[in-house]
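Student: Here it is: the structure, laid out below.
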Amino acid sequence: MIQGIPLEHFLIVSTIMFFIGVCGFIIRRNLITMLMAIELILNSVNINFVVFNRYLYPDQLQGHFFSLFIVGIAAAEASVAIALIINIYRNMKNIEVENVNEMKF
Amino acid sequence: MFYMFSGIILICSLLTITTRRILRAAVYLLCVLLATAGLYFMLKYQFMAAVQLTLYAGGIVVLIIFSILLTHHISHLFEKPDMTKLIMGISAAVIGSVMVIATLLTHPFQAGTTTELPVDMTEIGNQLLSTGKNGYVLPFELISILLLAAMIAAIVVAKKEKNKNSEI
Numbered sequence: 001m002i003q004g005i006p007l008e009h010f011l012i013v014s015t016i017m018f019f020i021g022v023c024g025f026i027i028r029r030n031l032i033t034m035l036m037a038i039e040l041i042l043n044s045v046n047i048n049f050v051v052f053n054r055y056l057y058p059d060q061l062q063g064h065f066f067s068l069f070i071v072g073i074a075a076a077e078a079s080v081a082i083a084l085i086i087n088i089y090r091n092m093k094n095i096e097v098e099n100v101n102e103m104k105f
Numbered sequence: 106m107f108y109m110f111s112g113i114i115l116i117c118s119l120l121t122i123t124t125r126r127i128l129r130a131a132v133y134l135l136c137v138l139l140a141t142a143g144l145y146f147m148l149k150y151q152f153m154a155a156v157q158l159t160l161y162a163g164g165i166v167v168l169i170i171f172s173i174l175l176t177h178h179i180s181h182l183f184e185k186p187d188m189t190k191l192i193m194g195i196s197a198a199v200i201g202s203v204m205v206i207a208t209l210l211t212h213p214f215q216a217g218t219t220t221e222l223p224v225d226m227t228e229i230g231n232q233l234l235s236t237g238k239n240g241y242v243l244p245f246e247l248i249s250i251l252l253l254a255a256m257i258a259a260i261v262v263a264k265k266e267k268n269k270n271s272e273i
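Going down the list, the protein sequences come from chains A and B. Going by the working numbering, the first residue of the first sequence is number 1, and it counts up by one from there. Going by the working numbering, the first residue of the second sequence is number 106, and it counts up by one from there.
Here you go:
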């Protein structure tokens, strides 16, 4: 429809990107790398929202606003997560996930 | 053009999770976000692309690089992930993506027939701050409170504790 590209191609790209993010979340043990995987997942969902809005409901802006709000929430989440990560590093001198269970009572 | 952008997205997102140097992972993530902004430009959502460029590529990536520099040595290499985790992750990703792609290729999408709404700043601002039909003022206010809470939380969490010995 737009420059001859069907809707499915956008969706395939975002699906593969989502599952690459899931895979990275599983195989890494570093907190910052896991945060980057979460950003990949959120970004792929954003692409889905925007593409559905443009192809299926071009007279409205719902998907556009949803992805705007998702970007805002991602910014808030990243700032809080990085504050926590820096605090953990200060206490334990590394940020591997296995060491965080020392915080249990 | 679209295939170039999607190729950049796929290759760089693969490299983001497979590279063993964490700073390079952040730079590949930046490439993914820039290519996504290119996709938004292709779909003619200029405002969304600008938000993506400033907030994601400008804000979050800089924040991540900052925290990497605070918590790592540059030359630090990850150890290789152990085999069971690798197999679990890759199989989960492959099975999930095959299922989702098979589903969406068989689903008939009804393309919208209505005329395209020109997305300019006036329209976005009116809809974002109206309370009537197609109005988004309630989530707008909610996200402003959320951002305020996140800001306060980040300050409180990252603040250094006062030296307790000085009181004694």
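Backbone N, C-alpha and C define an ideal beta-carbon position, used for all residues, glycine too.
Have a look at G194 of chain B and P186 of chain B and give me their C-alpha separation to the nearest angstrom.
Tutor: Working through the second sequence from its first residue, we reach residue 194 of chain B at position 89. Working through the second sequence from its first residue, we reach residue 186 of chain B at position 81. For G194 of chain B and P186 of chain B, the distance between alpha carbons rounds to 11 Å.
Student: Could you check whether I170 of chain B and I73 of chain A sit closer than 8 Å to each other, using their CB atoms as the reference points?
Tutor: Here the question's residue 73 of chain A lines up with position 73 in the first sequence. Here the question's residue 170 of chain B lines up with position 65 in the second sequence. Not a contact, by the Cβ cut-off of 8 Å.
Student: Could you tell me whether the segment 62 to 81 of chain A touches the segment 254 to 263 of chain B, where touching means 3 or more Cβ pairs closer than 8 Å?
Tutor: Flag = yes, the segment 62 to 81 of chain A and the segment 254 to 263 of chain B touch.
Student: In three-state DSSP terms, what is E8 of chain A?
Tutor: Locating residue 8 of chain A in the first sequence gives position 8, where the first residue counts as 1. It is helical.
Student: Quick one: list the residues of chain B neighbouring E98 of chain A, beta-carbon separation under 8 Å, in chain order.
Tutor: Here residue 98 of chain A corresponds to residue number 98 of the first sequence, with the count starting at 1. Neighbours of E98 of chain A on chain B: none; closest Cβ ~12 Å, over 8 Å.
Student: From this set, A:V45, A:L40, A:F49, A:F66, which residue's C-alpha is nearest A162 of chain B's C-alpha?
Tutor: Counted from its first residue, the second sequence places residue 162 of chain B at position 57. Of A:V45, A:L40, A:F49, A:F66, the residue nearest in Cα terms is A:L40.
Student: For L182 of chain B, which beta-bridge partners are listed by DSSP?
Tutor: In the second sequence, residue 182 of chain B corresponds to position 77, counting from 1. Partner(s): B:R126.
Student: State yes or no: is the beta carbon of V51 of chain A nearer than 8 Å to at least one beta carbon in chain B?
Tutor: By one-based count along the first sequence, residue 51 of chain A stands at place 51. By this cut-off, V51 of chain A is an interface position.
Student: Using a Cβ cut-off of 8 Å, pull out every chain B residue sitting near V71 of chain A, in sequence order please.
Tutor: As a working mapping, residue 71 of chain A is identified with position 71 in the first sequence. Per Cβ cutoff of 8 Å: V156, Q157, L160, Y161.
Student: For N101 of chain A, count the other beta carbons within 10 Å of its own beta carbon; 16 or more makes it buried, fewer makes it exposed. Which is it?
Tutor: For the purposes of this step, residue 101 of chain A is taken as residue 101 along the first sequence, with counting starting at 1. Looking at its Cβ environment, which holds fewer than 16 other Cβ atoms inside 10 Å, N101 of chain A is exposed.
Student: If you count every other CB in all the chains shown that lies within 10 Å of the CB of S196 of chain B, and 16 or more means buried, which is it?
Tutor: For the purposes of this step, residue 196 of chain B is identified with residue 91 of the second sequence, where counting begins at 1. Result: exposed.
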